[in-house]
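See structure below.
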Amino acid sequence: MKSYDVIVVGGGHAGAEAAYAIDRLGLSCAIVTFSKKTIGQMSCNPAIGGLGKSHIVREIDAMGGLMPKATDMAGIQYRTLNTRKGDAVQALRVQCDRDLYKKAVQKIIKNTNIDVIEGEVKDIIVEKNKVKGVVTNKQEVFAKKTILTTGTFLNGKMYVGEEIEVGGRSGDDSSIPLSKKLYELNIPMGRLKTGTPPRIKLSSINTKIMEEQPGEKPTPWMSLYERPKKHQKQLPCFITRTNKNTHTIIEQNTHLSAMYSGNIVGIGPRYCPSIEDKVNRFKNKTSHQIFIEPEGINKDLIYPNGVSTSLPKNIQREFIFSIQGLENAIITEYGYAVEYDFIDPRNIEPTMKAKFLNNFYLAGQINGTTGYEEAAAQGLMAGINAANAIQKKEEFVLDRSEAYIGVLVDDLTNHGITEPYRMFTSRAEHRLLLSQNNAEQRLLLKAFDLGLIGDKRKNEYTTKEKTYKDFIKNKLKKIKTKSFINNKNETINLTENKTVFQLLSRPDIKAEKLFKASNNEKPFYKRAITEIKYRGYIEKQIREIEKTKKQNNKKIPKNFNYNLVEGLSNEVKEKLIQKTPRTIGNASNIEGVTPAAINLILIYLKKAELVEQNAWWFLKRTKN
1 MKSYDVIVVG
11 GGHAGAEAAY
21 AIDRLGLSCA
31 IVTFSKKTIG
41 QMSCNPAIGG
51 LGKSHIVREI
61 DAMGGLMPKA
71 TDMAGIQYRT
81 LNTRKGDAVQ
91 ALRVQCDRDL
101 YKKAVQKIIK
111 NTNIDVIEGE
121 VKDIIVEKNK
131 VKGVVTNKQE
141 VFAKKTILTT
151 GTFLNGKMYV
161 GEEIEVGGRS
171 GDDSSIPLSK
181 KLYELNIPMG
191 RLKTGTPPRI
201 KLSSINTKIM
211 EEQPGEKPTP
221 WMSLYERPKK
231 HQKQLPCFIT
241 RTNKNTHTII
251 EQNTHLSAMY
261 SGNIVGIGPR
271 YCPSIEDKVN
281 RFKNKTSHQI
291 FIEPEGINKD
301 LIYPNGVSTS
311 LPKNIQREFI
321 FSIQGLENAI
331 ITEYGYAVEY
341 DFIDPRNIEP
351 TMKAKFLNNF
361 YLAGQINGTT
371 GYEEAAAQGL
381 MAGINAANAI
391 QKKEEFVLDR
401 SEAYIGVLVD
411 DLTNHGITEP
421 YRMFTSRAEH
431 RLLLSQNNAE
441 QRLLLKAFDL
451 GLIGDKRKNE
461 YTTKEKTYKD
471 FIKNKLKKIK
481 TKSFINNKNE
491 TINLTENKTV
501 FQLLSRPDIK
511 AEKLFKASNN
521 EKPFYKRAIT
531 EIKYRGYIEK
541 QIREIEKTKK
551 QNNKKIPKNF
561 NYNLVEGLSN
571 EVKEKLIQKT
581 PRTIGNASNI
591 EGVTPAAINL
601 ILIYLKKAEL
611 VEQNAWWFLK
621 RTKN
């Protein structure tokens with residue numbers, strides 16, 4: 001009989017991140033997975049980061065996580081997106097070598113005390129509503145806490161036209177007995193779907209007639225701390241497009257798609273739709289972009305990002321051949337849709353602990369998310385909180401104003417999902433505070449207090465921060481000038497000397513012409529430009545956050561009668577009476593309780609306070 005502090009079921013991005021956190025926190029841990037060889041596998045697009053997602057990866061990085069390290073060990077193209085927009089919404093996207101990424105994750109895991117147990121989890125050991133471990137097809141494994149990170153494998157089925165195959169990923173099995181067990185426990189569950197495009201031989205396509213998309217120079221890094229000595233060989237991507245002929249082929253055969261034929265009932269991701277969805281939903285568009293992305297350095301294989309499909313194989317061939325540059329494409333693996341079980345995330349605490357079972361945590365796609373980054377973030381939080389619970393430490397929950405991870409967890413646990421959840425910068429109302437470039441400032445010291453990072457990294461960070469402050473004090477606040485160059489390349493003369501620091505707050509300044517930074521100073525100067533430029537907006541947002549926190553902490557009396565609040569709908573009243581929230585913050589987290597309803601409650605509470613104050617004043621005056 002084997003026993004651990006924590007068992008992690010699944011070796012995907014959520015599972016690997018959870019196990020890595022537990023190991024760093026000094027507890028024993030085992031990953032239970034079908035195969036050691038698939039730990040860290042990129043099942044879909046071999047890329048990390050992108051809009052809203054790089055923010056999460058940088059937060060994981062600030063907390064000493066695994067994903068950013070593996071990304072830099074495997075990155076073959078780096079591009080910063082949204083460069084014409086503000087710092088808050090800029091995002092780094094890294095195309096990875098699929099095999100190198102998997103090898104990197106496995107190498108990192110191998111250099112820890114984490115055990116890897118091969119086998120299929122058939123059952124969960126439950127005693128008096130407490131999870132005690134799992135039963136595999138080979139043995140029983142016991143643990144104080146269990147984290148379930150099964151991805152798309154819970155009762156997974158793959159669809160290509162009318163062809164149906166059991167599995168959570170091409171070449172891998174489905175976890176059917178475990179799914180049955182969860183249903184037996186009366187856990188609220190549903191079905192979701194995702195998809196993938198066909199894979200095509202690079203040597204069979206004509207990239208010369210496509211738009212080349214080179215990587216960024218100088219090449220950046222995803223991790224701000226642990227990096228390889230040098231980047232992998234960098235490769236270009238390419239862009240081609242669908243056309244009218246492509247759309248005609250798809251339109252004429254949409255009924256053969258697994259999704260449209262009715263074989264699949266699960267809801268797919270709105271923001272990563274199949275090509276069938278795009279053609280049918282956007283009939284006014286005559287073409288859609290396809291990003292031709294290399295699968296690896298020495299691989300004769302590309303990932304055509306943008307043509308995810310579950311159409312029959314013959315139709316896939318027909319529409320692929322209709323696309324410019326793909327006329328002679330050799331398809332090595334056909335696209336497919338995968339449908340799988342998920343658990344309603346509203347049944348999970350913000351710590352990722354299940355509400356319906358003790359000692360049980362859930363992370364990743366099982367909670368209704370899509371994307372490697374979202375999965376890894378949940379794995380990190382589940383790992384931290386499982387370890388903290390064992391060590392009798394406080395729960396660790398990030399606020400929406402502190403991190404995108406906080407936004408993700410709050411959205412899932414309080415609001416649930418209606419489709420596979422994907423992170424976007426638009427989901428974060430405090431995004432001005434949550435740049436991908438300030439993750440260390442926001443989270444590193446928290447990670448140190450938790451025990452996720454050691455003295456060395458903390459000291460290097462504090463030294464860097466001191467150097468930055470000295471740079472501001474001794475350079476930007478001391479160097480003065482009587483002129484500057486504006487965005488129109490015009491020289492503007494001033495009536496009096498101004499410091500560089502003062503001038504950087506002007507919206508019309510050409511910052512790169514104002515101060516000649518040395519190579520060592522360039523990162524500090526870039527940071528200063530952003531912080532000074534947005535200082536007013538950031539200060540305003542901080543004030544709003546403090547106001548909201550103060551409001552959310554406002555207590556609601558135990559005997560509060562919601563029926564007396566005019567304007568509240570009967571539905572909202574029922575929910576509030578049933579949940580009996582203790583604070584305004586608790587009330588606002590109840591599904592269906594709108595900001596307008598919260599305002600009505602606040603107005604009523606304020607009136608009640610005024611009535612009470614007036615009564616007190618009247619009694620005091622009467623006594624006197």
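Quick note: the sequence shown uses this note's numbering, first residue 1, plus one each step.
Virtual Cβ for every residue (Gly too), placed ideally from N, Cα, C.
None of these values were measured; they are calculated from a predicted model.
Every unbroken alpha helix (DSSP H) within the stretch 383-430, with a cutoff of 4 residues, ordered by chain: Runs of the alpha helix (DSSP H) inside the stretch 383-430: 404-410.
Residues bridged to Glu118 [DSSP beta-bridge criterion]: The partner list for Glu118 (beta bridge, DSSP) reads Thr33.
Neighbourhood of Leu452 by C-beta, 6 Å cutoff - its chain only, sequence neighbours within 5 removed: Within the same chain, Leu452 has close Cβ partners Arg24, Met63 and Gly64.
Expected contact under 8 Å - CB spacing of Asn493 and Lys482 to nearest Å: Yes, Asn493 and Lys482 are in contact; Cβ-Cβ is about 7 Å, under 8 Å.
Bounding residues of the alpha helix (DSSP H) (the contiguous stretch that carries Gly335): In the DSSP assignment, Gly335 falls outside any alpha helix (DSSP H) and carries neither an H nor an E.
Pair within 9 Å by beta-carbon distance, Val201 and Leu311: One detail in the question is off: residue 201 reads as Lys in this sequence, not Val. No. Outside cutoff.
The stretch 180-188 in contact with the stretch 39-54 per 3-pair CB rule at 8 Å: Two segments are said to touch when three or more pairs of C-beta atoms, one from each, lie closer than 8 Å; by this definition the stretch 180-188 does not touch the stretch 39-54.
Cβ contact check for the stretch 111-119 and the stretch 65-73: 3 or more pairs under 8 Å: As far as the Cβ criterion goes, the stretch 111-119 does not touch the stretch 65-73, which means the pair count is below three.
Distance CB(Pro345)-CB(Thr413) smaller than 9 Å: Judged by their CB atoms, Pro345 and Thr413 are nearer to each other than the 9 Å cut-off.
Own chain residues within Cβ distance below 6 Å of Gly52, not counting five before or after: Cβ-Cβ distances below 6 Å link Gly52 to Met423, Phe424 and Thr425 in the same chain, with the five nearest sequence neighbours on each side left out; the list follows chain order.
9 Å Cβ cutoff met for Leu408 and Glu429: No; because the gap between Cβ atoms is not below 9 Å, this pair is not in contact.
Exposure of Pro507, with buried meaning 16 or more beta-carbon neighbours within 10 Å: Pro507 comes out exposed.
Backbone secondary structure at Val57 - three-state DSSP: Helix at Val57.
Proximity of Tyr604 and Val565 at Cβ, strictly below 9 Å: Yes, these two residues count as a Cβ contact at 9 Å.
Per-residue burial, Phe560 [other beta carbons within 10 Å of its own, 16 or more giving buried]: By the Cβ-count criterion, Phe560 is buried, with 16 or more other Cβ atoms from all chains shown falling within 10 Å of its own Cβ.
Pairwise C-alpha distance: Gly171 and Ile323: One C-alpha to the other measures close to 28 Å.
Cβ-based neighbour list, Lys130, same chain, cut-off 8 Å, excluding 5 preceding and 5 following: Same-chain partners within the cutoff: Leu357, Asn358 and Asn359.
Environment of Gln95 [buried if 16+ CB atoms lie within 10 Å]: Counting Cβ neighbours within 10 Å, Gln95 comes out buried, since at least 16 surround it.
Reduced DSSP category for Met73 - H, G, I as helix; E, B as strand; rest coil: DSSP, read as helix, strand or coil, puts Met73 in helix.
Buried or exposed by the 16-neighbour rule on C-beta atoms within 10 Å, applied to Ser203: Ser203 counts as exposed, since fewer than 16 other C-beta atoms from the protein chains shown sit within 10 angstroms of its C-beta.
Length at least 4, wholly inside the stretch 310-364: the alpha helix (DSSP H) runs in chain order: Look at the stretch 310-364 and you find these whole runs of alpha helix (DSSP H), each 4 residues long or longer: 313-321.
Boundaries of the beta strand (DSSP E) in which Ile302 is found, first to last residue: For Ile302, the uninterrupted beta strand (DSSP E) segment begins and ends at Ile302 to Asn305.
Close Cβ partners of Asn253 (< 7 Å) along its chain, the five nearest in sequence each way excluded: Correct list, in chain order: Leu311 and Ile315.
Lys558 to Pro197 span [Cα, whole Å]: A direct Cα-to-Cα measurement between Lys558 and Pro197 gives close to 55 Å.
Beta-carbon proximity list for Ala21, same chain, < 6 Å, skipping 5 on both sides: The answer, listed in chain order, is Leu380, Gly383 and Ile384.
CB of Phe291 within 9 Å of CB of Asn305, strictly: Going by C-beta atoms, Phe291 is nearer than 9 Å to Asn305.
Three-state secondary structure (DSSP) of Pro177: DSSP places Pro177 within a helical segment (H, G or I) once states are collapsed to three.
Beta-carbon separation (whole angstroms), Pro420 vs Gly368, contact threshold 8 Å: The C-beta distance from Pro420 to Gly368 rounds to 6 Å, short enough to meet the 8 Å contact threshold.
Three-state secondary structure (DSSP) of Pro507: Coil at Pro507, not helix or strand.
Residue closest to Glu327, alpha-carbon to alpha-carbon, out of Arg241, Tyr372 and Ala597: Among Arg241, Tyr372 and Ala597, the Cα nearest to that of Glu327 is on Arg241.
Beta-carbon gap between Tyr159 and Met259 smaller than 9 Å: Yes, the pair counts as a contact, with Cβ atoms nearer than the cut-off.
Residue burial classification, Leu148 (beta-carbon count within 10 angstroms, cutoff 16): Flag for Leu148 reads buried.
Chain-order list of residues whose beta-carbon lies under 7 Å from that of Val572 (same chain, five-residue window excluded): Taken in chain order, the residues that qualify are Gly592, Val593 and Ala597.
Counterpart residues of Glu212 in DSSP-defined beta bridges: Here Glu212 is bridged, per DSSP, to Phe238.
Cutoff 8 Å; reference Ile176; Cβ partners in own chain excluding five residues on either side: Within the same chain, Cβ atoms closer than 8 Å to the Cβ of Ile176 are found at Asn155 and Val166, the five residues on either side in sequence being excluded.
Helix, strand or coil at Pro46 [DSSP, three-state]: Residue state, collapsed to three classes: coil.
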